[in-house]
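Taking our numbering, I'd label the letters of the sequence shown as residues 1267 to 1326.
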Amino acid sequence: MALYKGNVLFQSLSGVRASLYNEADSSMEASAGLNPRSSQGYAEVQSVEARALARAGQIR
């Protein structure tokens, strides 16, 4: 671990038998289970709140 400008940064992990990180799943190209079209629908649903806040003048 490292400390930089008040932030704690993870540098490396060694000697651990199990990890939640899977290198194959970290890439859209390597993972066959992810559908890019699904992310478009998710983004559209999430944008509903942002558009409502913008209309109310609470965000730009």
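Every residue gets a Cβ at the ideal spot worked out from N, C-alpha and C, and that includes glycine.
Item                                                                              : Value
Assigned secondary structure, Leu-1269 (DSSP; H/G/I helix, E/B strand, else coil) : strand
Leu-1275, DSSP secondary structure in three states                                : strand
Where Gln-1324 sits in the DSSP three-state scheme                                : coil
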